[in-house]
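The next block holds one structure in the form of C-alpha cells; read it before the comments.
Protein chains: 2
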Amino acid sequence: MLKSDLQAMPHECGDCPIRHRAVCARCEPTELTVLDQMKFYRSFEAGQTVIWAGDRMDFVGSVVTGVATLTQTLEDGRTQMVGLLLPSDFIGRPGRDTAAYNAVATTDVVMCCFRKKPFEEMMAHTPHIAERLLEMTLDELDAAREWMVVLGRKTAREKIASLLAIIGRRTASLTLQEARGEIVFDLPLTREAMADYLGLTLETVSRQISALKRDGVIALEGKRHVTVPDFRLLMDEAGDDADGGLLV
Amino acid sequence: MLKSDLQAMPHECGDCPIRHRAVCARCEPTELTVLDQMKFYRSFEAGQTVIWAGDRMDFVGSVVTGVATLTQTLEDGRTQMVGLLLPSDFIGRPGRDTAAYNAVATTDVVMCCFRKKPFEEMMAHTPHIAERLLEMTLDELDAAREWMVVLGRKTAREKIASLLAIIGRRTASLTLQEARGEIVFDLPLTREAMADYLGLTLETVSRQISALKRDGVIALEGKRHVTVPDFRLLMDEAGDDADGGLLV
DNA sequence: CGTCATCCTTGATGCAGATCAAGTCAGAAA
DNA sequence: TTTCTGACTTGATCTGCATCAAGGATGACG
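What follows is the structure, encoded as C-alpha cells:
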C-alpha cells in the first residue's frame, strides 16, 4: 500500500494515453513541458481509497488508467455514487482544499497528479487549461443530469440497461469498437458498486442482470465479462428517447 | 406572449440585483460597459416555455428575477427536473448551439441575455467571465451531485424536507434572513414540479407535505406559503449528515 | 487438499410509494 | 350568483423493489 502510493511511473506526456482527452489536451508543447516537470504519478490498487470526504487534498489530477468512483454517504450508511471516473477524467476542484466526496479505486488505478498550488497558479496564466477544465466540467454536468433522470425516473431494469450502455459505449470508444452491433467489455464494478451507482440494492442489481441475460439482451461469461449481441436492443431496454450521444 | 418576449427592461448593470453573483460578477467596469451594450432583457410569464430541448439556441443568459426549471423527458412522458434556476443562475452552454433541456418559467421571470456569438468572443478575451463561469459550473456540479444523493437514496419524506430546506435556505440568503430558527417563504413550484424534481408522484408529494404539516415541521398558509418554525428540525428530517452548507 | 473470504445468486416476504379514483378549494369567467 | 378550471388533497388498492435469509461459485492461502 505504501509502496504503491509512491511508485514512480516514467511516462512522457508525449506518449500519454490520455494526452488528447485530459485537462492538458489543449496545451501547447511549451506549456506541456512545464506540466511535465510538475506532474507525478500515483498508483492505487483495486479497493484502495484515494481520498476520504473532508480530508485535506493538496493535489488534483487525472485518471490515466483504471476506474475510480466518487461516493457520498449519509450518516446512517446509505451511500450513493456521484461520479464514475474513467481514464482522462479529472479529480479535485481548484480553489477547494478538502475533498467533497470519497474517492475509491475500483480497479488498479494510475493517476497523473499535480500539487494544487502550482496547478492553480499555472491555471491563472494558462487559459488553455482553464478552458479545457470548463469544457470537461460542463460535460460532467451534462452526464450528472442524465444520471439524475436515471435515478429519478427509470425502473430497475432500465437503470441496469442504462449503466451497461454507458460502460459499453465508453469502453467501445477506448478500444475503437463501434458502439453498435455486438460489443464486449468487462464490468469494472461489483454488484454493490453498481447498486450504489443506480440507487438500488445489490440483490436487485443481481436479479435484473439475470433477467437481461435470460432475455438474451446480454450474455455473461463469469460475473464480469459482458457480451452485448445487439447494442440497439440494449439501448431500447434503457428507455431513453435519443441514442444518448451526449455521454461519450 | 409575443409582447413579453420583446419587452425591454431599462436596467443598468450597476444596480442589477444579481451583479455580484452572476456570470459577470468578476468583471471590471470597462468589461461591464461592453456587456452593458451587448445585453438585452427578456421576460417570461409563469408557465411560459423559455426554450425546448433540441431547439436552436442563439443566446445565453442569467435569471435576474423569478424561477425557471430545466427538465428532461423520456419518450413515454416521464419527466425529471435536472436544474432549478434561481436568480443569478446561468442558462445555456457556450459552444453548443441547441438546447439540451426544456427550460420553463415557473414564476414570472426576467432574464439578462447575450447573443451567443458575441458572448463567446468576449469570453475568449475576458478571463474574468470564463473564470466565473467555471466556478459557477463547478458549483452546479456539486449541487447536481447532492441532488443525486436525494434521488437515489432518500425516502419521500426526506426528499420533501431536502427540497424545502434548499428553497428555504436560498430564499433566506436572498432576503437576508438567517437560515436558522424560523424562516418563511413561498414555494415557487407546483406539487407536480416538486414531484418532477424529486422523482416522485404529485400525490406522494402532497401526502408528505401534509405529514410534515401534521408533525409540526412546517406550517402552511394556503398551498404555497410555508413557515418553518425551526429550521434545524427540517434539516434533521432531510437526513443529511452535514448542514448542507454547499448549496447556497 | 480443505477452508476461508469475497462476491454473487436466488427465494420468501413486507412495505413505501405508485396508481386509480373521488373529491375539495380558490380564483376566474360568465 | 353559478360554473368552470387548475391545483391540490385524500382514500383504496396494487406492485416493484427492499429486506431478510440461505446457499453457490471462485480464488487465495494454509
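Which chain is which? The protein sequence lines are A and B, in order. With our numbering, letter number 107 in the first sequence gets 125, and the count goes up by one each step, no holes. With our numbering, letter number 118 in the second sequence gets 136, and the count goes up by one each step, no holes. Even for Gly, the Cβ is constructed at its ideal location relative to N, Cα and C.
Min CB distance residue i to chain B below 9 Å
{"i": "glutamine 98(A)", "result": "yes"}
{"i": "arginine 171(A)", "result": "yes"}
{"i": "leucine 152(A)", "result": "yes"}
Any C-beta of chain A under 9 Å from that of residue i
{"i": "valine 167(B)", "result": "yes"}
{"i": "glutamine 226(B)", "result": "no"}
{"i": "aspartate 9(B)", "result": "No information on residue 9(B) is available, as it lies outside the stretch 19 to 266 that chain B covers here."}
{"i": "glycine 262(B)", "result": "Note on glycine 262(B): pLDDT 46, under 50, position unreliable in the model; the coordinate value appears next. So, not an interface residue."}
Residue span of the alpha helix (DSSP H) that contains residue i, given as start and end
{"i": "threonine 219(A)", "result": "It is not in any alpha helix (DSSP H) - threonine 219(A) carries neither H nor E in the DSSP assignment."}
{"i": "isoleucine 184(A)", "result": "174-193"}
{"i": "threonine 51(A)", "result": "47-56"}
{"i": "valine 168(B)", "result": "145-171"}
{"i": "alanine 256(A)", "result": "249-256"}
Other residues of its chain near residue i: CB distance less than 7 Å, five sequence neighbours each side excluded
{"i": "threonine 125(B)", "result": "Ala64, Gly84, Val85, Pro206"}
{"i": "glutamate 149(A)", "result": "Arg44"}
{"i": "aspartate 214(B)", "result": "Thr89, Thr97, Gln98, Met99"}
{"i": "alanine 183(B)", "result": "Leu252, Met253, Ala256, Gly262"}
{"i": "arginine 39(B)", "result": "Ser106"}
{"i": "threonine 116(A)", "result": "Gly72, Asp73, Arg74, Met75"}
{"i": "phenylalanine 58(A)", "result": "Cys131"}
Separation of residue j from residue i, as counted between CA atoms
{"i": "leucine 53(B)", "j": "arginine 74(A)", "result": "39 Å"}
{"i": "valine 128(B)", "j": "glutamine 55(A)", "result": "49 Å"}
{"i": "arginine 250(B)", "j": "glutamate 200(B)", "result": "9 Å"}
{"i": "phenylalanine 77(A)", "j": "alanine 162(A)", "result": "23 Å"}
{"i": "threonine 189(B)", "j": "aspartate 160(A)", "result": "26 Å"}
{"i": "glycine 32(B)", "j": "glutamate 176(A)", "result": "50 Å"}
{"i": "glycine 95(B)", "j": "serine 228(A)", "result": "28 Å"}
{"i": "alanine 174(A)", "j": "glycine 217(A)", "result": "9 Å"}
{"i": "tryptophan 165(B)", "j": "arginine 232(B)", "result": "26 Å"}
{"i": "methionine 212(B)", "j": "serine 80(B)", "result": "22 Å"}
{"i": "glutamate 153(B)", "j": "histidine 243(A)", "result": "40 Å"}
{"i": "proline 112(A)", "j": "proline 145(B)", "result": "16 Å"}
{"i": "tryptophan 70(A)", "j": "leucine 181(A)", "result": "25 Å"}
{"i": "aspartate 248(A)", "j": "valine 235(A)", "result": "7 Å"}
{"i": "valine 167(B)", "j": "glutamate 138(A)", "result": "29 Å"}
{"i": "arginine 114(B)", "j": "alanine 123(A)", "result": "33 Å"}
{"i": "leucine 238(A)", "j": "threonine 245(A)", "result": "6 Å"}
{"i": "threonine 91(A)", "j": "lysine 135(B)", "result": "42 Å"}
{"i": "alanine 118(A)", "j": "isoleucine 109(A)", "result": "11 Å"}
{"i": "glutamate 93(A)", "j": "leucine 169(A)", "result": "20 Å"}
{"i": "alanine 121(B)", "j": "threonine 48(A)", "result": "43 Å"}
{"i": "glycine 101(B)", "j": "threonine 87(B)", "result": "6 Å"}
{"i": "cysteine 130(A)", "j": "glutamate 158(B)", "result": "25 Å"}
{"i": "glutamine 226(A)", "j": "aspartate 204(A)", "result": "17 Å"}
{"i": "isoleucine 147(B)", "j": "isoleucine 185(A)", "result": "35 Å"}
{"i": "leucine 192(B)", "j": "leucine 192(A)", "result": "46 Å"}
{"i": "threonine 67(A)", "j": "methionine 141(A)", "result": "27 Å"}
Span of the beta strand (DSSP E) around residue i
{"i": "glycine 79(B)", "result": "77-83"}
{"i": "aspartate 204(A)", "result": "201-204"}
{"i": "glutamate 239(A)", "result": "237-239"}
{"i": "threonine 97(A)", "result": "97-103"}
{"i": "isoleucine 69(B)", "result": "67-69"}
{"i": "valine 246(A)", "result": "243-246"}
{"i": "leucine 88(A)", "result": "86-91"}
{"i": "valine 127(A)", "result": "127-133"}
{"i": "valine 41(B)", "result": "Looking at the DSSP string, valine 41(B) is not in any beta strand (DSSP E), and its letter there is neither H nor E."}
{"i": "alanine 123(A)", "result": "120-123"}
Residues near residue i by beta carbon distance below 6 Å, same chain, minus five either side
{"i": "arginine 15(B)", "result": "What the structure shows of chain B is the stretch from 19 to 266, and residue 15(B) is not part of that stretch, so it cannot be assessed."}
{"i": "leucine 194(A)", "result": "none"}
{"i": "alanine 179(A)", "result": "Leu252, Glu255, Ala256"}
{"i": "arginine 187(B)", "result": "Ala197"}
{"i": "methionine 19(B)", "result": "Below a pLDDT of 50, predicted positions are generally treated as unreliable, and methionine 19(B), at 37, falls in that range; the measurement from the model is reported next regardless. So the list is empty, once near-sequence residues are dropped."}
Own chain residues within Cβ distance below 8 Å of residue i, not counting five before or after
{"i": "arginine 37(A)", "result": "Cys31, Ala43"}
Open item on the list: Residues of the region 129-149 of chain A in Cβ contact with chain B at a cutoff of 8 Å, in chain order, please.
Closed with: Only Pro145, Ala148, Glu149 from the region 129-149 of chain A bring a Cβ to less than 8 Å from some Cβ of chain B.
Open item on the list: Any C-beta of chain A within less than 8 Å: which residues of the region 154-166 of chain B qualify?
Closed with: The residues in question are Thr155, Leu156, Glu158, Leu159, Asp160, Ala162, Arg163, Glu164, Trp165, Met166.
TODO: With 9 Å as the C-beta to C-beta threshold (strictly closer), list the residues of the region 98-130 of chain B near chain A in chain order.
DONE: Hits within the stretch, in order: Gln98, Met99, Val100, Gly101, Arg111, Pro112, Gly113, Arg114, Ala118, Tyr119.
TODO: Would you list, in chain order, the members of the region 211-224 of chain A that have their beta-carbon closer than 7 Å to a beta-carbon of chain B?
DONE: The residues in question are Gly217.
- [ ] Please name the residues in the region 62-93 of chain B whose beta-carbon is closer than 7 Å to at least one beta-carbon of chain A, in chain order.
- [x] Within the region 62-93 of chain B, those residues whose Cβ lies closer than 7 Å to any Cβ of chain A are, in chain order, Gln90, Leu92, Glu93.
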